[in-house]
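The block underneath contains the structure these notes are about, expressed in structure tokens.
2 protein chains.
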Amino acid sequence: MATPPAHGASLLGRPPVTSHAEIERAGFRLFAQRGFDGTTLDAIAAEVGISRRTLLRYYDSKNDIPWGRFSETLDGFRATLVATPVDVPLHEAVHAAVLAFNRFDLDAHPSHRERMQLILTTPTLQAHSVLRYGEWRQVIAEYVALRLGLRPDDLLPRTVGQVSLALTLSAYTHWLDHPELALHDLIDTAMAGLRSYLGSA
Amino acid sequence: MATPPAHGASLLGRPPVTSHAEIERAGFRLFAQRGFDGTTLDAIAAEVGISRRTLLRYYDSKNDIPWGRFSETLDGFRATLVATPVDVPLHEAVHAAVLAFNRFDLDAHPSHRERMQLILTTPTLQAHSVLRYGEWRQVIAEYVALRLGLRPDDLLPRTVGQVSLALTLSAYTHWLDHPELALHDLIDTAMAGLRSYLGSA
DNA sequence: AGATTAATGGCACTGAGGGACAAAAAGAAG
DNA sequence: CTTCTTTTTGTCCCTCAGTGCCATTAATCT
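If you're matching them up, the sequences are chains A and B in order.
Residues 1 to 201 (full-length UniProt numbering) are what the first sequence spells out, left to right.
Residues 1 to 201 (full-length UniProt numbering) are what the second sequence spells out, left to right.
See below:
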């Protein structure tokens, strides 16, 4: 198996010599110095003190390093949604969950800004991020489908997923340009802007 | 310069031995047979009858081949927008231009479905496409900024660009799953769905 | 001590992409 | 008709990402 460290699961076999967190720290250190594209896998491996082959068992690709353990944080996102009382209107439930998700990320990682800065300004990473965004959109689409009695691949659930991501991304982009503003306020503002844009009939 | 064929511009120097269109046809022929990831640049070059190095002078990367001359079609998109009378409400102007842009694409290339199928279902291409979508969003953001007296990198113009793309992409995805439906109807339906989603307060 | 399990690291390979430079193929100038 | 200029092409060579294979290492379990 290509399965890397089981992460504390099994106590059997040779113990891992490093961790995702350590690799991430080393990566960001180098990215800050030489930029993302200017940093080779060999350089990161050397910084951590492991071989390139091992590095690629912790992360499937160089592009995955800045994203960290994103897939795992989606579990919390899902939990927030399903825990929402059903009498909360759908669009409010989704909006609140989106806010909560990003507030959590912010609190959990003080370096979240650097991470998003790197992801949103490096073309290579912008491109690769679509795959991650896809998982995020899927969570929303599944919840919308559940609430409306539709399937996740129907038009409306997918549209809500896409639009929620659109709002979040424009808020993030603006947030990077304006460090003094609060991300959750910007998500609200983006939503309000969309409403007024659509409502100006 | 890495500038490939000037495409009929100058009659000086050695004439190009091939064209973007020819490469594109050869590419799609092979992609259909072996899939996108299963097709090497060497194979495409051989199919066209040129060297790999020359192929990479026509297209910056393998990922760019399915997109064809997309950047050029954006000029028409821009033209449609600026030609819109200013008394047309902004959201209608943008919506109409989005419809016109996609209707044009459809008419111009009967193989547009195959192209979009490839782009939207191949992970490698999904990722790379973000860069193209970025140019498209920028066109909308610039127009919205123009109409509202804002800058293209302000929050609302960017949000409208992001959301317009979101609607178009969910319509496209649904269109691929349901060949019997018309793309422009789906864009309308996605928009209507968003309005009802947001309006269910 | 020996067997089992799981991680590591070395090696070799494919494939994308780019830099440098000479050769080819056209028109223009003498 | 030859020479110069311009532009494209092809060859060679290099770097880097990513994968498969396999021996090695370091732990636990019996």
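By construction, the Cβ of each residue, glycine as well, lies at the ideal position given by its N, Cα and C atoms.
Owing to the predicted nature of the structure, the values given are computational and were not obtained by experimental measurement.
**Study point:** Rounded Cβ spacing between Leu156 of chain A and Val144 of chain A (contact assumed at less than 8 Å)
**Key:** Going by Cβ atoms, the distance from Leu156 of chain A to Val144 of chain A rounds to 7 Å, so yes, they are a contact pair.
Check your understanding: Which chain A residues sit within Cβ distance under 8 Å of Ala32 of chain B?
Key -> Listed along chain A, no residue sits closer than 8 Å to Ala32 of chain B by beta-carbon distance, the nearest being about 24 Å off.
Check your understanding: Since Phe31 of chain B is in the alpha helix (DSSP H), which residue starts that stretch and which ends it?
Key -> His20 to Arg34
Point to revise | Distance between Arg25 of chain B and Ile44 of chain A (C-alpha atoms, nearest Å) | key: C-alpha separation (whole angstroms): 40 Å.
Check your understanding: Since Pro123 of chain B meets chain A, which of its residues come closer than 8 Å, beta carbon to beta carbon?
Key -> Leu131
Review point. So, His184 of chain B versus Leu99 of chain B, is the Cβ gap smaller than 9 Å?
Key: yes
Practice item. Under 7 Å Cβ to Cβ from Asp42 of chain A, same chain only, skipping five residues before and after it: list those, please. Key: Arg52
Practice item. For chain B, find out if any of its Cβ atoms is closer than 9 Å to the Cβ of Gly193 of chain A; answer yes or no. Key: yes
Exercise for review: May I ask you to report which of helix, strand or coil DSSP gives Thr173 of chain A?
Suggested key: helix
**Study point:** is_contact[Ser51 of chain A, chain B] using C-beta, thresh 9 Å
**Key:** no
Exercise for review: Could you name the residues of chain A that Val160 of chain B contacts, counting a contact when the two beta carbons are closer than 7 Å?
Suggested key: By Cβ distance, chain A contributes Tyr197.
Check your understanding: Quick one: is Thr168 of chain A buried, meaning 16 or more other Cβ sit within 10 Å of its Cβ, or exposed?
Key -> buried
Exercise for review: Under 8 Å by Cβ, that's how I've got Val82 of chain A and Val163 of chain B pegged, so tell me the actual separation to the nearest angstrom.
Suggested key: That pair is no contact at about 26 Å.
Review point. Taking DSSP as the reference, what is the three-state secondary structure of Thr121 of chain A?
Key: helix
Practice item. Using beta-carbon positions only, say whether Val66 of chain A and Gly35 of chain A come within less than 9 Å of one another. Key: Note that residue 66 of chain A is Pro in the sequence shown, not Val. Their beta carbons are not under 9 Å apart, which means Pro66 of chain A does not touch Gly35 of chain A by this criterion.
Point to revise | Contact under 9 Å by Cβ, residue 256 of chain A with Val48 of chain A | key: Nothing can be reported for residue 256 of chain A: it is not among the residues displayed for chain A, which extend from 1 to 201.
Point to revise | Rounded straight-line distance, which links the Cα of Asp75 of chain A to that of Tyr197 of chain A | key: 33 Å
Review point. Can you find a C-beta in chain A that's less than 9 Å from the C-beta of Val98 of chain B?
Key: no
Exercise for review: Just confirm the distance between the C-beta atoms of Trp136 of chain A and Leu165 of chain A, as a whole number of angstroms; I'd bet it's less than 8 Å.
Suggested key: 7 Å
Check your understanding: Got a sec, what are the start and stop residues for the alpha helix (DSSP H) Ile44 of chain A sits in?
Key -> Leu41 to Val48
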